[in-house]
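**Q** Quick one: the structure is below, and I'll ask about it shortly.
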């Protein structure tokens, strides 16, 4: 056939070739189809790639129909079906038309009825070739290079033979590339692919129609398909096949069904996009008690393991001295002679009793009873503390509890001649043991002689009261002569007393901090000290920072019966290890024990769903150091002292509880919109290991050198006294508006300078009383440093007497305690004004100084504050920094240290 065409073409002129009979034109397209079979191999390969994506469903593919397509051409001499085979000898259907010589062409090709299978939006892919009109001889004016595509919706197969004007036009189809006579000679055929979509469809099916108005075209294939989101299991919920919506931007909300052995936590939903992708998962299912999640299914807990609640992450091994022989266990049974209380969680180890069995009475007076006892024979772990419960005989509903780490106590404030009942129990990491049996002791009675002198009691009381008042006045007068007005506070014994009446605390004392690391099960510590919050109560609004474990966000919390209020939310990143989860929640276990207006308040935790979260109050102004840098020089001295007083009050509270912070610094103080400062960051071991301000010590760990007391650096001796040293550094940061302590000195230089007795100089315009307090906090002997209650008292006095803050530290005093050779303003003679400004981080003003004639250090030495303002240095903080540096250079010049 090819040779026949070549022969015909060779014997005809250019003008005659277009006059060839229709048979020759058909032969031309038959040859073109033969050439295209190589291209069809690529098309078929592309199609196989398309079928790989499950979200595409074919409604029609003309290449795969083995028999008659059943399409109708009108008029009959218009579109013509030509059968061919591809490279695999499979039949393919092509429709061709080339009526370019005749005027007013209107050739229609109508498909058979196509069911849309419930889809409301379908896609039509056309593959075709088209002849370039300019390549035809004679420049035929009637030739077109486009054709039209229409559709008509119908619920049955009887709607095809309707009028043309009832079809709805989809689009005019044009070729990206057309072929020419030269292409035919070179056996090169250019295949075009166009895709159009139709929707929304409202009936069961539709017809397609192709209209030719005078083009030379071969329609190689027609494929009709729709898209769907395939059936998938996500978050233990199964989502069915879902056909995409009619709108190209529509997201269809689809509800999921929990897989076997799982229950709904929050109704699982996903959204099917117009492209057949599952997006925006909401909610989830949880494997029910006795089953755990593996490979997106719920698998049974094997014998020896249990899962008590759907919110537990996985099956856990039975705790010590317990067992289970069944699958899908929700708890474990205690071994013989071991038990756990009904109130104990199923994760608690079963224990044998550990009551105190031997209690001895000591000194007894009319108002007190002293007791001692021996440690239980089998305490089931290290005893962390004892709990002593006592009450007046026959008054059991009103009792007192004393917690002590010693094996002896004195119960005082008792009634004379009254019988009291005592019970003692011990606490280990596994929890409390049972109370001992009841021990009954009686206070001494009031003597007869004393009874006869009852009438003298008021006189004696008055006399004693007057004497006590006079003694207090004398002691106060003597103590007032001490520097800064400090008084040494008496240390409380290591015990805590709480009074109960009908099960409620009557007169609570100061609580004692309990280290969560002493708990065998960290989850117990979290749930004991932190309130669990439902994730649905939290709305995350934006990310405001990043922590070691994940993102820090701001949001809102809505608790039942309360107004919605802003909160900060720390999240635990995906893929965490169990140790990271433990460390992350460890901070909540610590924070949850605190309740003070100057300690960041923990609202609660989210542990029963992901992501795991810690929710705290929201502090609008962020960290104190950053806030001060942004507002350099904008606050009064009283405002700054108020900030310091708040920090000291929070630290006093922590100190009273027996908690050592270890990383007190302005970066770990948060400040709200009312300028209230609150101590935060209770990471402890995390701070020691990963803080960017830290340096390695000889003992291996990392500590923040610039804020840490010498004994803590050298011997890792962290106490409330080392926190006081750090507080002195925080004072310096606040009064210098966030200046970096020791500037650019290396950590080793800081250690050496402090050991040699040098201390930071007073910040610019710092009241002498505050700088003296800083120096007191930096006493090398930790026993000589003030206590936090003394610091609070001192700051209160300064606030009540603002005139005491007017005396400032003079320039010579400011440098007397500074290690001059390490300070940024005392590093020797500056070779240029630019070098000096760069050293104090004011290099931005170098050009201004030079342009105004301050080209030497001699000239710069004469600059005044008014000169700086004239030069355009308008920021108060920058003015202070420059004048501060100049003043110190002048002092050093007088002392012969630095030649200008």
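Residue numbers (UniProt numbering): 1 to 900.
Glycine residues also receive a C-beta, built at the ideal position from the N, C-alpha and C atoms.
#1: Which same chain residues end up closer than 6 Å to residue 365 when comparing Cβ atoms and leaving out the 5 residues on each side of it in sequence?
#2: Quick test of your reading: residue 223 and residue 61, contact by CB under 8 Å. State the CB separation rounded to the nearest angstrom.
#3: Would you mind working out which of 432, 434, 433 and 396 sits nearest residue 419, comparing C-alpha positions?
#4: Within the region 184 to 235, note down every full beta strand (DSSP E) run reaching 3 residues or more, in order along the chain.
#5: From this set, 766, 664 and 639, which residue's C-alpha is nearest residue 721's C-alpha?
#6: Compute the distance between the beta-carbons of residue 71 and residue 111, then report whether it is under 8 Å.
#7: Would you kindly check if the distance between the Cβ of residue 359 and the Cβ of residue 371 is under 8 Å?
#8: Do you know how far the Cα of residue 593 is from the Cα of residue 434?
#9: Of the residues 734, 297 and 248, which one's Cα is nearest the Cα of residue 647?
#10: If you measure from the CB of residue 395, is any heavy atom of the ligand GDP nearer than 7 Å?
#11: Can you grab the Cα-Cα spacing for the pair residue 595 / residue 657, in whole Å?
#12: Residue 876: which of 578, 754, 842 and 226 sits nearest, CA to CA?
#13: Apart from the five residues on each side of it in sequence, which residues of its chain come closer than 8 Å, Cβ to Cβ, to residue 755?
#14: Taking the alpha carbon of residue 833 as the reference point, which residue from 868, 393 and 856 has its own alpha carbon closest?
#15: Give the straight-line distance between the Cα atoms of residue 136 and residue 180, rounded to the nearest whole angstrom.
#16: Consult DSSP for residue 492 and reduce its assignment to one of helix, strand or coil.
#17: Any idea if residue 784 is buried or exposed, counting beta-carbon neighbours within 10 angstroms, 16 or more meaning buried?
#18: Use the C-beta contact count for residue 524: other C-beta atoms within 10 angstroms, 16 or more gives buried, fewer gives exposed.
#19: Helix, strand or coil for residue 884 per DSSP?
#20: Any idea what DSSP makes of residue 276, helix, strand or coil?
#21: List in chain order: all unbroken alpha helix (DSSP H) runs of 4+ residues lying wholly within the region 74 to 121.
#22: Pairing CB atoms from the region 574 to 591 with CB atoms from the region 664 to 675, are three or more of them under 8 Å?
#23: How far does the beta strand (DSSP E) with residue 373 in it extend, from its first residue to its last?
#24: Checking the sheet assignment: what are the DSSP bridge partners for residue 72?
#25: Three Cβ pairs or more, each shorter than 8 Å: is that satisfied between the region 261 to 270 and the region 205 to 221?
#26: Is DSSP giving residue 869 helix, strand or coil here?
#27: For a test of the three-state rule: what should DSSP assign to residue 246, helix, strand or coil?
#28: Specify the secondary structure class of residue 635 as computed by DSSP and reduced to three states.
#29: Helix, strand or coil for residue 830? Go by DSSP, reduced to three states.
#30: Check the C-beta distance from residue 198 over to residue 122 and give it rounded, since I have them as a contact under 8 Å.
#31: To which residues of the same chain is residue 234 closer than 8 Å at the C-beta, ignoring the five residues directly before and after it?
#32: Do you know how far the Cα of residue 416 is from the Cα of residue 795?
#33: Find the nearest neighbour of residue 334 within the set 351, 343, 328 and 345, judged by alpha-carbon distance.
#34: So residue 513 and residue 659 are supposed to be a Cβ contact under 8 Å. How far apart are they, rounded?
#35: Using the Cα positions of residue 808 and residue 777, report the straight-line distance between them to the nearest angstrom.
#36: Which residue from 347, 801, 788 and 310 puts its Cα closest to that of residue 935?
**A** Looking at the coordinates:
#1: Position 365 of the chain shown, counted from the start, is the residue given in the question as residue 365. So the qualifying residues of the chain are 444.
#2: Translated into the one-based positions of the chain shown, residue 223 becomes position 223. Translated into the one-based positions of the chain shown, residue 61 becomes position 61. Sure, about 5 Å apart at Cβ, within 8 Å.
#3: Within the chain shown, numbered from 1, the residue matching residue 419 stands at position 419. The candidate whose alpha carbon is nearest that of residue 419 is 396.
#4: 192 to 198, 205 to 212, 216 to 229 and 232 to 234
#5: As a first step, residue 721 must be located in the chain shown, where it is residue number 721. For the residues 766, 664 and 639, the minimum Cα distance to residue 721 belongs to 664.
#6: Locating residue 71 in the chain shown gives position 71, counting from the first residue. Locating residue 111 in the chain shown gives position 111, counting from the first residue. Their beta carbons are under 8 Å apart, which means residue 71 touches residue 111 by this criterion.
#7: Here residue 371 refers to the residue found at position 371 when the chain shown is read from its first residue. Here residue 359 refers to the residue found at position 359 when the chain shown is read from its first residue. A contact, by the Cβ cut-off of 8 Å.
#8: Start at 1 with the first residue of the chain shown, and residue 434 comes out as number 434. Start at 1 with the first residue of the chain shown, and residue 593 comes out as number 593. The C-alpha of residue 434 lies about 25 Å from the C-alpha of residue 593.
#9: Indexing the chain shown from 1 puts residue 647 at position 647. It is 734 whose Cα lies nearest to the Cα of residue 647.
#10: With respect to small molecules bound, the structure shown includes none, and the ligand GDP cannot be examined in it.
#11: Here residue 595 refers to the residue found at position 595 when the chain shown is read from its first residue. Here residue 657 refers to the residue found at position 657 when the chain shown is read from its first residue. Looking at the two C-alpha atoms, the distance is approximately 11 Å.
#12: By 1-based counting over the chain shown, the position of residue 876 is 876. When only C-alpha atoms are compared, the closest one is 842.
#13: In the chain shown, counting from the first residue as 1, residue 755 sits at position 755. In its chain, beyond the 5 residues on either side, 710 have a beta carbon closer than 8 Å to the beta carbon of residue 755.
#14: Here the question's residue 833 lines up with position 833 in the chain shown. Minimum Cα distance to residue 833 is reached at 856.
#15: For the purposes of this step, residue 136 is identified with residue 136 of the chain shown, where counting begins at 1. For the purposes of this step, residue 180 is identified with residue 180 of the chain shown, where counting begins at 1. One C-alpha to the other measures close to 8 Å.
#16: In the chain shown, the residue the question calls residue 492 occupies position 492. At residue 492 the pLDDT is 40, less than 50, meaning the model places this residue with poor confidence and gives no usable figure here.
#17: Locating residue 784 in the chain shown gives position 784, where the first residue counts as 1. Flag for residue 784 reads exposed.
#18: As a first step, residue 524 must be located in the chain shown, where it is residue number 524. Burial call: buried.
#19: Counting from 1 along the chain shown, the entry for residue 884 is found at position 884. Three-state result, residue 884: helix.
#20: Here residue 276 refers to the residue found at position 276 when the chain shown is read from its first residue. Residue 276: coil per DSSP, three-state reduction.
#21: Entirely contained in the region 74 to 121, not one alpha helix (DSSP H) run reaches 4 residues.
#22: no
#23: Along the chain shown, read from residue 1 onward, the residue named residue 373 stands at position 373. Note, residue 373: beta strand (DSSP E), 369 to 373.
#24: As a first step, residue 72 must be located in the chain shown, where it is residue number 72. Answer is 110.
#25: no
#26: As a position in the chain shown, residue 869 is number 869, starting the count at 1. Note: residue 869 maps to helix in three-state DSSP.
#27: By 1-based counting over the chain shown, the position of residue 246 is 246. Coil at residue 246, not helix or strand.
#28: The residue you call residue 635 lines up with position 635 of the chain shown. Looking at residue 635 - three-state DSSP - the assignment turns out to be coil, as it is neither helix nor strand.
#29: Translated into the one-based positions of the chain shown, residue 830 becomes position 830. Note: residue 830 maps to coil in three-state DSSP.
#30: The sequence position of residue 198 within the chain shown is 198, counting from 1. The sequence position of residue 122 within the chain shown is 122, counting from 1. Contact holds; Cβ gap of about 6 Å.
#31: For the purposes of this step, residue 234 is identified with residue 234 of the chain shown, where counting begins at 1. Around residue 234: 256, 268, 270, 278, 281 and 296.
#32: Indexing the chain shown from 1 puts residue 795 at position 795. Indexing the chain shown from 1 puts residue 416 at position 416. Those two C-alpha atoms are separated by around 44 Å.
#33: Here the question's residue 334 lines up with position 334 in the chain shown. Of the candidates 351, 343, 328 and 345, the one whose C-alpha sits nearest the C-alpha of residue 334 is 351.
#34: The sequence position of residue 513 within the chain shown is 513, counting from 1. The sequence position of residue 659 within the chain shown is 659, counting from 1. Right, their Cβ atoms sit about 4 Å apart.
#35: Within the chain shown, the letter at position 808 stands for residue 808. Within the chain shown, the letter at position 777 stands for residue 777. In a straight line, the C-alpha of residue 808 is about 19 Å away from that of residue 777.
#36: Since the displayed the chain opens at 1 and closes at 900, residue 935 lies outside it and no answer follows.
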